[in-house]
Amino acid sequence: MRNGTFQDKVAIVTGASSGIGRATALALAERGAKVALAARRADLLQQVAAQVHQSGGEALVMPTDVSDQPQIEAMIAEVLRHWGQVDILVSNAGQYIRRTTTELDADVMQTSMNVNFHSHLHAVLAALPNMLERQAGHIVLVSTMDGKKGLRPDAPYVAAKFALNGLGEVMRQELREHGISTILILPGRVDTPLIENLDVPRIQAKIPPEKVAKAILRGIERNQAEVYVPSFVKLLHVLNVVSPRLGDLAAHIFHLEGWETD
Ligand SMILES: NC(=O)c1ccc[n+]([C@@H]2O[C@H](COP(=O)([O-])OP(=O)(O)OC[C@H]3O[C@@H](n4cnc5c(N)ncnc54)[C@H](OP(=O)(O)O)[C@@H]3O)[C@@H](O)[C@H]2O)c1
205 MRNGTFQDKV AIVTGASSGI GRATALALAE RGAKVALAAR RADLLQQVAA QVHQSGGEAL
265 VMPTDVSDQP QIEAMIAEVL RHWGQVDILV SNAGQYIRRT TTELDADVMQ TSMNVNFHSH
325 LHAVLAALPN MLERQAGHIV LVSTMDGKKG LRPDAPYVAA KFALNGLGEV MRQELREHGI
385 STILILPGRV DTPLIENLDV PRIQAKIPPE KVAKAILRGI ERNQAEVYVP SFVKLLHVLN
445 VVSPRLGDLA AHIFHLEGWE TD
């Protein structure tokens with residue numbers, strides 16, 4: 205992997221039907237990896253698989269609701285049955301769930317925690333035994349810059365992503381001695397259906413999902429701990445660490461929360 209080869213590695217990508225997951229699955233397949241494609245919309249997964257097959261690659265379509273633990277476990281068990289191992293887990297599926305704190309209720313928060321945190325936890329727990337057995341593997345957790353600096357009115361999304369960052373932080377330290385790397389991906393705004401109804405300020409211009417996919421593959425090759433993409437979004441995190449009030453001010457001045465359209 206250090207030499208930059210993904211040839212014949214087995215990769216699972218959740219959220220592979222769209223956006224960052226789709227772009228990452230295609231990029232991995234292009235570099236020779238066998239890709240298991242997980243998401244709910246089987247028709248879209250079939251299209252991604254067809255693209256992989258056309259260029260001579262191997263893909264498995266695995267319709268899965270990642271908010272349902274038994275479905276994740278069954279999906280990973282099936283991949284293991286089919287290919288015998290999991291080298292790379294790209295845990296990426298997620299939903300942008302926004303709600304002001306004054307309008308928040310426990311159900312909304314639970315929904316976000318299920319899809320934006322527990323889904324990752326369950327995927328990691330299901331893939332881990334095989335990686336531990338082989339003392340090798342790469343676990344990519346697709347978080348967000350919002351998981352370093354929370355933006356209004358995103359409490360459900362932000363809380364789940366902060367939890368994910370915390371999990372990743374500890375996993376990285378503990379699993380390293382087992383030959384397993386944990387890579388946290390922290391994108392800014394990305395041009396995908398997730399935020400198609402959100403206009404964003406110029407400073408936060410949406411980047412193509414292919415750029416995130418490229419950063420993910422580079423992060424795996426270099427065993428990077430955290431990948432900010434684009435890299436300058438890290439400045440907001442640094443500012444917020446120095447002074448949360450300055451972080452708040454920057455978010456306010458630049459309208460980093462964006463503007464919702466119909
Ligand atoms: N777009 C951004 O600006 C941005 C910025 C930072 C981080 N991110 C993160 O990047 C990740 C991917 O988002 P994206 O921007 O690529 O959005 P997207 O194009 O909307 O893709 C989201 C993916 O997640 C899958 N998904 C959602 N709920 C699921 C469920 N319950 N079970 C299985 N799959 C589910 C969707 O598949 P199905 O609907 O077919 O199930 C889809 O493939 C998310 O974790 C998001 O938080 C995005």
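Adding 204 to a residue's 1-based position in the sequence shown gives its number in my numbering. All C-beta atoms, glycine included, are put in the ideal place defined by N, C-alpha and C.
Inset, instruction - Take residue 312 and list the residues in its own chain whose beta-carbon comes closer than 8 Å to its own, dropping the five residues that flank it on each side. - result: Along the sequence shown, read from residue 1 onward, the residue named residue 312 stands at position 108. Hits under 8 Å: 301, 303, 360.
Legend entry - Beta-carbon spacing of residue 370, residue 386 below 8 Å: Locating residue 370 in the sequence shown gives position 166, where the first residue counts as 1. Locating residue 386 in the sequence shown gives position 182, where the first residue counts as 1. No. Outside cutoff.
Inset, instruction - Determine the DSSP secondary structure at residue 348, reduced to helix, strand or coil. - result: Translated into the one-based positions of the sequence shown, residue 348 becomes position 144. Three-state result, residue 348: coil.
Inset, instruction - Please report the Cβ distance between residue 294 and residue 218, rounded to the nearest whole angstrom; I am assuming they are in contact, meaning their Cβ atoms lie under 8 Å. - result: In the sequence shown, the residue the question calls residue 294 occupies position 90. In the sequence shown, the residue the question calls residue 218 occupies position 14. Contact between residue 294 and residue 218 holds: CB atoms are separated by about 7 Å, below the 8 Å threshold.
Legend entry - Any non-hydrogen atom of ligand 2 closer than 7 Å to residue 296 Cβ: Annotation note on ligand 2: not contained in the displayed structure, which lists ligand 1 as its ligands.
Legend entry - Nearest-angstrom beta carbon gap, residue 396 and residue 271 [assumed within contact, 8 Å]: The residue labelled residue 271 in the question sits at position 67 within the sequence shown. The residue labelled residue 396 in the question sits at position 192 within the sequence shown. Rounded, the Cβ-Cβ distance is 19 Å, inconsistent with contact.
Legend entry - For residue 360, three-class secondary structure by DSSP: Taking the sequence shown and counting its residues from 1, one reaches residue 360 at position 156. In the structure shown, residue 360 adopts helical secondary structure according to DSSP, grouped into three states.
Inset, instruction - Return the bridge partner residues of residue 239 from the DSSP annotation. - result: Here the question's residue 239 lines up with position 35 in the sequence shown. Per DSSP, 215, 263.
Legend entry - Among 422, 325, 466, 216, the one whose alpha carbon lies nearest that of residue 273: As a working note, residue 273 is residue 69 in the sequence shown. Of the listed residues, the one whose Cα sits closest to residue 273 is 325.
Legend entry - 6 Å Cβ shell around residue 215 - same chain, five flanking residues per side excluded: Here residue 215 corresponds to residue number 11 of the sequence shown, with the count starting at 1. Cβ neighbours of residue 215 beyond the five flanking positions: 232, 237, 239, 292.
Inset, instruction - Give the secondary structure of residue 316 by DSSP, where H, G and I count as helix, E and B as strand, and everything else as coil. - result: In the sequence shown, residue 316 corresponds to position 112, counting from 1. Helix, per DSSP.
Inset, instruction - Report the rounded CA-to-CA distance for residue 426 versus residue 384, giving the unit in angstroms. - result: What you label residue 426 is simply residue 222 of the sequence shown in a count that begins at 1. What you label residue 384 is simply residue 180 of the sequence shown in a count that begins at 1. Answer to the nearest angstrom: the Cα atoms are 13 Å apart.
Inset, instruction - Could you have a look at residue 404 and say whether DSSP puts it in helix, strand or coil? - result: Taking the first residue of the sequence shown as 1, we reach residue 404 at position 200. Here DSSP, grouped into helix, strand and coil, assigns residue 404 to coil.
Inset, instruction - For residue 390, write down the residues that DSSP places opposite it in a beta bridge. - result: For this step, residue 390 is matched to residue 186 along the sequence shown. DSSP, once it has assigned bridges, lists 432 as partnering residue 390.
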